[in-house]
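In our numbering, the protein residues as written are 146 to 222. Glycine included, each C-beta is placed from N, C-alpha and C at the ideal position.
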């Protein structure tokens, strides 16, 4: 099971990112836990300087834009 963090303050882009992650996980049959990290202190501590950011199992994989569904699929590979 992958633990996925979406880093952002709750903006529309962060919400869309989380929805796309859930969609891709379901399509691929992946079991995930999804955590929305909204504290600015936690976001900065993770090294995310531009939101939304995506972390998988504690490793930052994407920052600064809303990823496409295809980009998220690549993150699951």
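- Taking the C-beta atoms as reference points, residue 161 is found no nearer than 8 Å to residue 199.
- By alpha-carbon distance to residue 154, the top candidate from 182, 174 and 205 is 182.
- Per DSSP, the continuous alpha helix (DSSP H) segment holding residue 220 begins and ends at 214-221.
- If you check the CB distance, residue 157 and residue 201 do not come in under 8 Å.
- Sixteen is the threshold: since fewer than 16 other Cβ atoms of the shown chains lie within 10 Å of the Cβ of residue 178, the residue is exposed.
- Residue 222 counts as exposed, since fewer than 16 other C-beta atoms from the protein chains shown sit within 10 angstroms of its C-beta.
- With 16 or more neighbouring CB atoms inside 10 Å of its own CB, residue 169 falls in the buried class.
- Checking the DSSP bridge columns, you'll see residue 206 has no partner listed.
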